[in-house]
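Asker: Below you'll find the structure I mean.
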Amino acid sequence: MRKKTIAVKVGNVVIGGGGPIVVQTMTKTSTADVEKTVEQIKEVEKAGGKLIRVAVPDKDSVLALKKIKQQVKIPIVADIHFDYKLAIEAIKSGVDKIRINPANIGSKEKICEIIKVAKEYDVPIRIGLNAGAYKKRLKDVKHLMLRQLDENVELFEKYKFNKLVISAKTADVFSTVEIYHAISEKYDYPLHIGITEAGPLLWGSIKSAVGISILLWQGIGDTIRVSLSSLPVDEVKVGYYILQCLNLAKYGIEIISCPTCGRCKIDLLKIISEFENEIEKESLVWKNLKVAIMGCEVNGPGEASSADIGVAMGKSSGVLFIKGRIIKKVSVDNCVKELIEQIKKL
Numbered sequence: 362m363r364k365k366t367i368a369v370k371v372g373n374v375v376i377g378g379g380g381p382i383v384v385q386t387m388t389k390t391s392t393a394d395v396e397k398t399v400e401q402i403k404e405v406e407k408a409g410g411k412l413i414r415v416a417v418p419d420k421d422s423v424l425a426l427k428k429i430k431q432q433v434k435i436p437i438v439a440d441i442h443f444d445y446k447l448a449i450e451a452i453k454s455g456v457d458k459i460r461i462n463p464a465n466i467g468s469k470e471k472i473c474e475i476i477k478v479a480k481e482y483d484v485p486i487r488i489g490l491n492a493g494a495y496k497k498r499l500k501d502v503k504h505l506m507l508r509q510l511d512e513n514v515e516l517f518e519k520y521k522f523n524k525l526v527i528s529a530k531t532a533d534v535f536s537t538v539e540i541y542h543a544i545s546e547k548y549d550y551p552l553h554i555g556i557t558e559a560g561p562l563l564w565g566s567i568k569s570a571v572g573i574s575i576l577l578w579q580g581i582g583d584t585i586r587v588s589l590s591s592l593p594v595d596e597v598k599v600g601y602y603i604l605q606c607l608n609l610a611k612y613g614i615e616i617i618s619c620p621t622c623g624r625c626k627i628d629l630l631k632i633i634s635e636f637e638n639e640i641e642k643e644s645l646v647w648k649n650l651k652v653a654i655m656g657c658e659v660n661g662p663g664e665a666s667s668a669d670i671g672v673a674m675g676k677s678s679g680v681l682f683i684k685g686r687i688i689k690k691v692s693v694d695n696c697v698k699e700l701i702e703q704i705k706k707l
């Protein structure tokens, strides 16, 4: 059962409070480049991302925040390291939330200055700890992160600031899980979960899926970010795929396809790729359907009967089925077109 945490509103999005798990990502552009940053954020909006974080390493980035915010709908989170003054200026520029890392932001006095301004502007803060900020062995880092988190939460609560989101990430799955277990047992603030520095698209997606899924399955986590050396849109999609696999969200068409073997006499990968392109082009990607694309009679329609619709292909032709019931025969060359036409009717 998922733990119910305090609800924290970020723009028009609520994190925690038993609400839907929020999928977020981070831009990969220079924030000072308004045009490119806005372009990337709009792609994230289209993909269904609910929050976007932008790096704020300098004054030029701060100056860009207001211009960026005017051109996008999604709430913006300013990511601050090292300079507490940038956090204060980002809040004043109108961002919806800030993230600070107490391990590098400076003294308690500086954090107190951030808290005062955040209270004045009613802007939530994520205390975002990251193992990479500590020059110690991972075993020691876990205890250090938890101790520093306790000190900072105590500081925020001293100033009666409760619009907090908490994260404490490492690049190791099991260490991250252990840390979040400890945090979840102690605090009721919403948790931002993920594996930091997860890696390139394939490896990073797998690593993130393992870590995030363990926590979500145990009821821990209110918002997720899949950290990948890839585009923000990829992070959003992988995030939703994780939620969909756990029945925690619906994210458009789910493709079920066989891995292929010696029985498959067609280029199934080409057919799947063509189908993916067509559903994007026809704006069908958001239909909540399970679609099966099978390479032989063994895997479909029998084994794919849980799908809403699908095709099972032989050497030159196959069958199209809906809910396991065969509707018609289709040719290999025409199967994607037939599938798209039927999906439009559903």
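Here the sequence shown is numbered in the numbering used here, starting from 362 and rising by one per residue. Each residue gets a CB set at the ideal place from its N, CA and C atoms; glycine is no exception. All of these numbers come straight from a predicted model, not from anything done at the bench.
Contact check, Val652 vs Ile616 under 8 Å by CB: the rounded distance?
Answerer: Right, the Cβ-Cβ distance comes to about 5 Å (below 8 Å), so this counts as a contact.
Asker: Which of helix, strand or coil does DSSP assign to Val371?
Answerer: Here Val371 sits in strand by DSSP.
Asker: Hey, could you find the ends of the beta strand (DSSP E) Ser528 is sitting in?
Answerer: Ser528 -> beta strand (DSSP E) spans 525-530.
Asker: With a threshold of 6 Å on Cβ separation, who are the neighbours of Val478 within its own chain once the five nearest residues in sequence on each side are excluded?
Answerer: Contacts found: Ile449, Ile452.
Asker: Leaving aside the five residues before and after Glu457 along the sequence, list all residues of the same chain whose C-beta is less than 6 Å from its C-beta, in chain order.
Answerer: Here residue 457 turns out to be Asp, not Glu, going by the sequence shown. So the qualifying residues of the chain are Val371, Gly372, Pro436, Ile437.
Asker: Across the segment 628-642 and the segment 596-612, are there enough close Cβ pairs to call them in contact, namely three or more that are closer than 8 Å?
Answerer: At 8 Å Cβ cutoff, the stretches do not touch.
Asker: Does the segment 513-526 come within contact of the segment 534-542, defined as at least 3 CB pairs closer than 8 Å?
Answerer: The answer is no - the segment 534-542 does not touch the segment 513-526, with fewer than three Cβ pairs under 8 Å.
Asker: Taking all protein chains shown into account, do 16 or more other C-beta atoms lie within 10 angstroms of the C-beta of Arg414, making it buried, or fewer, making it exposed?
Answerer: Buried, by the Cβ-count rule.
Asker: With DSSP collapsed to three states, give me the class of Ala416.
Answerer: DSSP places Ala416 in strand when its eight states are reduced to three.
Asker: Check whether the segment 578-586 touches the segment 616-629, counting contact only when three or more Cβ pairs, one atom from each stretch, lie closer than 8 Å.
Answerer: No: fewer than three Cβ pairs fall under 8 Å.
Asker: Measuring only the C-alpha atoms, how far is Ile633 from Lys364?
Answerer: Cα to Cα, the separation comes out at about 39 Å.
Asker: Would Gly455 and Lys428 be called neighbours here (beta carbons separated by less than 7 Å)?
Answerer: Their beta carbons are not under 7 Å apart, which means Gly455 does not touch Lys428 by this criterion.
Asker: Apart from the five residues just before and just after Val395, which ones in its own chain have a Cβ nearer than 7 Å to its Cβ?
Answerer: For Val395, where only same-chain residues beyond five positions count, the Cβ hits under 7 Å are Ala425, Lys428, Ile429.
Asker: Taking the beta strand (DSSP E) that Val680 falls in, what are its first and last residues?
Answerer: Per DSSP, Val680 belongs to the beta strand (DSSP E) from 678-683.
Asker: Flag Asp694 as yes if its beta-carbon sits less than 7 Å from any beta-carbon of chain C, otherwise no.
Answerer: In the structure shown, chain C does not exist; there is a single protein chain.
Asker: Can Thr398 and Ser422 be called in contact, C-beta distance under 7 Å?
Answerer: In this structure, Ser422 does not lie closer than 7 Å to Thr398 by Cβ.
Asker: Ordered along the chain, which non-local residues of its own chain (more than five positions away) have a Cβ less than 8 Å from that of Thr621?
Answerer: The residues are Leu629, Leu630, Gly656.
Asker: Starting from Asp440, follow its DSSP beta bridges and name the residues at the other end.
Answerer: Answer is Ala416, Arg460, bridged to Asp440.
Asker: What residue range does the beta strand (DSSP E) around Glu615 cover?
Answerer: Note, Glu615: beta strand (DSSP E), 615-618.
Asker: Can you check DSSP and say which residues form a bridge with Arg686?
Answerer: Per DSSP, Ile683.
Asker: Is Gly378 helix, strand or coil when you go by DSSP?
Answerer: Three-state DSSP puts Gly378 in coil, outside helix and strand.
Asker: Tell me where the beta strand (DSSP E) around Thr584 begins and ends.
Answerer: Element bounds for Thr584: 584-586.
Asker: Note down the Cα distance separating Gln401 from Gly555, rounded to an integer number of angstroms.
Answerer: Rounded to the nearest angstrom, the two C-alpha atoms are 21 Å apart.
Asker: If you run the structure through DSSP and keep just helix, strand and coil, what is Val502?
Answerer: In the structure shown, Val502 sits in a helix (DSSP, three-state: H, G or I).
Asker: Residue range of the alpha helix (DSSP H) that Ile544 falls in?
Answerer: Here the alpha helix (DSSP H) through Ile544 covers 534-547.
Asker: Kindly indicate which residue of Thr537, Arg487, Cys473, Glu474 has the alpha-carbon position closest to the one of Val502.
Answerer: Nearest option by C-alpha distance: Thr537.
Asker: Using a Cβ-Cβ cutoff of less than 7 Å, which residues in the same chain neighbour Asp549 once the five nearest sequence positions on both sides are dropped?
Answerer: Excluding residues within five positions, the ones whose Cβ falls inside 7 Å are Thr366, Ile367.
Asker: Can you round the beta-carbon distance between Ile461 and Gly489 to whole angstroms, since I take them to be within the 8 Å contact cut?
Answerer: Right, the Cβ-Cβ distance comes to about 7 Å (below 8 Å), so this counts as a contact.
Asker: Within its chain, find whatever has a CB closer than 8 Å to the CB of Gln703; leave out the 5 residues flanking it on each side and keep chain order.
Answerer: So the qualifying residues of the chain are Ile670, Leu681, Ile683, Ile688.
Asker: Have a look at Ile476, Ser678, Tyr601 and flag the residue whose alpha-carbon is nearest the alpha-carbon of Val383.
Answerer: Ranking the options by Cα distance to Val383, first place goes to Tyr601.
Asker: Just grab the DSSP bridge partners of Gly555 for me.
Answerer: Per DSSP, none; premise fails for Gly555.
Asker: Measuring only from the beta carbon, is Ser588 closer than 6 Å to any heavy atom that is part of the ligand SAH?
Answerer: Looking at this structure, you won't find the ligand SAH or any other ligand, since it has none at all.
Asker: I'd like the span of the beta strand (DSSP E) that includes Lys648, first residue to last.
Answerer: Counting along the chain, Lys648 falls outside any beta strand (DSSP E), and DSSP gives it neither H nor E.
Asker: Could you tell me the distance, in whole angstroms, from the CA atom of Ala610 to the CA atom of Asp419?
Answerer: Looking at the two C-alpha atoms, the distance is approximately 37 Å.
Asker: Out of Lys676, Gly685, Pro551, point me to the one whose CA is closest to Gly377's CA.
Answerer: Here the closest residue by C-alpha is Pro551.
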